[in-house]
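I have placed the structure first, in the form of structure tokens, so that the comments after it can refer back to it.
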Amino acid sequence: MTQKKAGQKPLPIRHYVKVMLMIAVTVLIVDLVLSITSIIIVKQQSTRYLKDTAALYINRINHDFDYMNHYMGWTLANDETLNMMNAYNFNSIEFLESNESLRSRFSELQKNYGQEFNFFYYLQNHSYFLNCAPLSVTYTDYMELKKKIMSIIDDTEVYEKFYSKWTPVLVNGKYYVINIVPYYNRYLIGMISADNLIRPLREINLGANGYASLVNDQGTVLTSPVSNNGRPVSRNEGPPLLMQQRTTISSEFLGTTFSARMVIQFGAFEKIMIAQLLIVLLFFIVTSSLFVIMVFFNKRVLGQIQSFSENLARINEESQPADYKSSKIIELEQANSQFKELVEQVKIFKIAMYEQELEKQRTQLDYMKQQIKPHFFLNCLTSIYSMAQIQMYQEIEDMAMTTSKYFRYLFQNGENFVPLEHEIEHVQMYLEIQKQRYQDAFSYYVELPEKAKNVKIPPLVLQTFIENSIKYAISRENEVQIRLTVKQCLLADDTLVTQIHLSDTGPGFPPEVLEKLKAGLPLDQTKGMQIGIMNTLKRLEYLYFNQANINFANLPGGGASVTLLLPNLPEQTLEGVSGQ
Numbered sequence: 003m004t005q006k007k008a009g010q011k012p013l014p015i016r017h018y019v020k021v022m023l024m025i026a027v028t029v030l031i032v033d034l035v036l037s038i039t040s041i042i043i044v045k046q047q048s049t050r051y052l053k054d055t056a057a058l059y060i061n062r063i064n065h066d067f068d069y070m071n072h073y074m075g076w077t078l079a080n081d082e083t084l085n086m087m088n089a090y091n092f093n094s095i096e097f098l099e100s101n102e103s104l105r106s107r108f109s110e111l112q113k114n115y116g117q118e119f120n121f122f123y124y125l126q127n128h129s130y131f132l133n134c135a136p137l138s139v140t141y142t143d144y145m146e147l148k149k150k151i152m153s154i155i156d157d158t159e160v161y162e163k164f165y166s167k168w169t170p171v172l173v174n175g176k177y178y179v180i181n182i183v184p185y186y187n188r189y190l191i192g193m194i195s196a197d198n199l200i201r202p203l204r205e206i207n208l209g210a211n212g213y214a215s216l217v218n219d220q221g222t223v224l225t226s227p228v229s230n231n232g233r234p235v236s237r238n239e240g241p242p243l244l245m246q247q248r249t250t251i252s253s254e255f256l257g258t259t260f261s262a263r264m265v266i267q268f269g270a271f272e273k274i275m276i277a278q279l280l281i282v283l284l285f286f287i288v289t290s291s292l293f294v295i296m297v298f299f300n301k302r303v304l305g306q307i308q309s310f311s312e313n314l315a316r317i318n319e320e321s322q323p324a325d326y327k328s329s330k331i332i333e334l335e336q337a338n339s340q341f342k343e344l345v346e347q348v349k350i351f352k353i354a355m356y357e358q359e360l361e362k363q364r365t366q367l368d369y370m371k372q373q374i375k376p377h378f379f380l381n382c383l384t385s386i387y388s389m390a391q392i393q394m395y396q397e398i399e400d401m402a403m404t405t406s407k408y409f410r411y412l413f414q415n416g417e418n419f420v421p422l423e424h425e426i427e428h429v430q431m432y433l434e435i436q437k438q439r440y441q442d443a444f445s446y447y448v449e450l451p452e453k454a455k456n457v458k459i460p461p462l463v464l465q466t467f468i469e470n471s472i473k474y475a476i477s478r479e480n481e482v483q484i485r486l487t488v489k490q491c492l493l494a495d496d497t498l499v500t501q502i503h504l505s506d507t508g509p510g511f512p513p514e515v516l517e518k519l520k521a522g523l524p525l526d527q528t529k530g531m532q533i534g535i536m537n538t539l540k541r542l543e544y545l546y547f548n549q550a551n552i553n554f555a556n557l558p559g560g561g562a563s564v565t566l567l568l569p570n571l572p573e574q575t576l577e578g579v580s581g582q
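Numbering (the numbering used here), first residue to last: 3 to 582.
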């Protein structure tokens, strides 16, 4: 046996469980850090994007305000239209023509900058106030606005307060932003409601409760208190929570007494935050579940397998009794129970085998039904022990259950005849056990018609020949094929028989052995060889009253062939033989 290299010291299973838990916790922490980092980055990117968007809009408004100021100032100083209107009565043709010209020019200006902008003129000499572009306000607001503007114009400081400076005024509970451009005794007024001015910023996704508004120098909100989705803004929001964090962005207008404010209420990045939190939560649940499964598996499965493995290791230590602990796993409990029974049977067989020479024939029958070859039994246990060492848990369960069923059939069957279906199932269990040992060294094929399943045959007859194929046919060079087929047929004298054909693709029977088998001569058993075949022939001779027929042959392409022709005995005959 090759020695293990230095540094490859075997470690207990609990060590690997702890390592897996440490890895899971580390991954959880890394995932949590990455999630929080991504949330912060997305939030910063969203804020930067909104700042850039707001800056673009405000720059455009600043440019529009500046152009309107310049346009109204130039019109007052250089255009003769208002001079004509100021010089003539407002019912004169000259006044009406000048008014139409002024209205046409400012209507075009309104088209360029938006219908929400309103333009008015005021002739102080005539106390005449009128719009010079289509109105976008109600008549009530217009009349109140007219009174407000005329009262402001009467103020001697109107030039300092309003010229080139868009200023909010309150009209009927609603704020408007106005700019009054004076020139001697005539004035041009530009106006837009605060809600219309802020509307483009409200079209930006600021979240379910995010909102944009205009605020003056004193912090008074000039716009309607609604969020960007149209719902009223709650002013009593309470302390911000993790899921209610908000970011406020303020942007100044040039030459005004107000600014734009945008509040991001868990807005552009809310879906990403929720997705990240769900990923963290899902990973935490998976990790917790794995931890619980590992603890349960370590306590309920690995401990029981280790105990079973220790029992296997002590099978030959007769001075040290095995520790048979009960298990809550059905398969392990059954295997443990069958293993305990098996050990007891082995001890009994070592003492009581062939005790009475006078009942030799009956003893041979019982022996053939319950015989266990120690090397086969130990090979099974050694295979399970080897699987346990390399933690092949599923293979251990399969091997233990198959071995358990195999030995259960050996010890629980006390009849001389069993259904053919049960006997073939037992053979298949034996082959599966051997496949655990030889792996891909052989394959097998079994064919059993439905009508032949209940045919009664002696137990362990087929296994004798299957064991012979496993022992002499299998090699490590080529894969051996083992076939077992069953069919019922009539002989020439109309006797119904069951034909069981077994074959393999191995080297076949040695010539001297095949010659003796065909001639019905006894085989040499001095070295413990060929005992199974001779005992099987004697059992068939005794149980079938010399009516069974067995043919041995070597196949033309290589391999051994055994054909059993077993008559279907009457029920009373079967009961009589079984009762002996």
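For each residue, glycine too, the CB sits at the ideal point set by N, CA and C.
If we count the other Cβ atoms within 10 Å of its Cβ and call it buried at 16 or more, is residue i buried or exposed?
i: residue 117; result: exposed
i: residue 548; result: exposed
i: residue 436; result: buried
i: residue 431; result: buried
i: residue 491; result: exposed
i: residue 69; result: exposed
i: residue 51; result: exposed
i: residue 393; result: exposed
i: residue 204; result: buried
i: residue 383; result: buried
i: residue 216; result: buried
i: residue 221; result: exposed
i: residue 24; result: exposed
i: residue 142; result: exposed
i: residue 559; result: exposed
i: residue 186; result: exposed
Taking the alpha helix (DSSP H) that residue i belongs to, which residues open and close that run?
i: residue 94; result: Counting along the chain, residue 94 falls outside any alpha helix (DSSP H), and DSSP gives it neither H nor E.
i: residue 436; result: 422 to 440
i: residue 167; result: Taken as a continuous stretch (DSSP letters only), residue 167 belongs to no alpha helix (DSSP H), as it is neither H nor E.
i: residue 475; result: 463 to 475
i: residue 127; result: Neither: residue 127 is in no alpha helix (DSSP H) and is coded neither H nor E.
i: residue 155; result: 141 to 155
i: residue 202; result: 196 to 204
i: residue 566; result: Residue 566 -> not in any alpha helix (DSSP H); beta strand (DSSP E) instead, spanning 562 to 569.
i: residue 84; result: 82 to 89
i: residue 443; result: Neither: residue 443 is in no alpha helix (DSSP H) and is coded neither H nor E.
i: residue 176; result: No alpha helix (DSSP H) holds residue 176; the beta strand (DSSP E) holding it covers 176 to 185.
i: residue 518; result: 513 to 521
List the whole-angstrom C-beta distance separating residue i from residue j, where the pair is believed to meet the contact cut-off of C-beta under 8 Å.
i: residue 26; j: residue 292; result: 6 Å
i: residue 2; j: residue 561; result: An answer regarding residue 2 cannot be provided, because it is not within the stretch 3 to 582 covered by the chain.
i: residue 218; j: residue 260; result: 5 Å
i: residue 447; j: residue 433; result: Actually they are not in contact, since the Cβ atoms of residue 447 and residue 433 sit about 10 Å apart, beyond 8 Å.
i: residue 545; j: residue 552; result: Wrong, their Cβ atoms sit about 13 Å apart, outside the cutoff.
i: residue 474; j: residue 513; result: At roughly 14 Å, the Cβ-Cβ gap does not stay under 8 Å, so residue 474 and residue 513 are not in contact.
i: residue 78; j: residue 188; result: 6 Å
i: residue 200; j: residue 49; result: About 19 Å separates the two Cβ atoms, so there is no contact after all.
i: residue 498; j: residue 570; result: 5 Å
i: residue 568; j: residue 555; result: That pair is no contact at about 18 Å.
i: residue 442; j: residue 469; result: In fact, because the Cβ distance is near 20 Å, the residues do not count as touching under 8 Å.
Closer than 7 Å by C-beta to residue i: which residues in its own chain qualify, once you throw out the five before and the five after it? Chain order, please.
i: residue 525; result: 515, 518, 532, 535 and 536
i: residue 409; result: 340 and 344
i: residue 66; result: 115
i: residue 389; result: 397, 398 and 401
i: residue 253; result: 56, 57, 60, 261 and 262
i: residue 64; result: 255 and 256
i: residue 108; result: 121, 134 and 135
Short of 6 Å in beta carbon distance, which residues of its chain neighbour residue i, apart from the five on each side in sequence? Order them along the chain.
i: residue 489; result: 501
i: residue 237; result: Confidence is the limiting factor: at residue 237 the pLDDT is only 49, short of 50, which leaves the residue's position unreliable, though a coordinate-based value still follows. Result list for residue 237: empty, nothing under 6 Å.
i: residue 456; result: 421
i: residue 565; result: 503 and 553
i: residue 258; result: 168
i: residue 86; result: 96 and 100
i: residue 557; result: 563
i: residue 84; result: 188
State the start and end residues of the unbroken beta strand (DSSP E) segment that holds residue i.
i: residue 499; result: 498 to 506
i: residue 588; result: The chain is shown from 3 up to 582; residue 588 falls before or after that span and cannot be answered.
i: residue 485; result: 482 to 492
Please determine whether the Cβ atom of residue i lies at a distance below 8 Å from any heavy atom of the ligand MG.
i: residue 117; result: Although the ligand MG was asked about, the structure shown includes no ligands whatsoever.
Using C-beta distances below 8 Å, list every residue in its chain close to residue i, excluding the 5 sequence neighbours before and after it, in chain order.
i: residue 284; result: none
Quick one: does residue i have its CB under 9 Å from some CB of chain C?
i: residue 419; result: Chain labels in this structure do not include chain C; a single protein chain is all it has.
### Query
Quick check: the segment 465 to 472 against the segment 516 to 526, are there 3 or more CB pairs under 8 Å?
no
### Segment contact, 8 Å Cβ cut-off, at least three pairs: the segment 120 to 138 with the segment 192 to 205
yes
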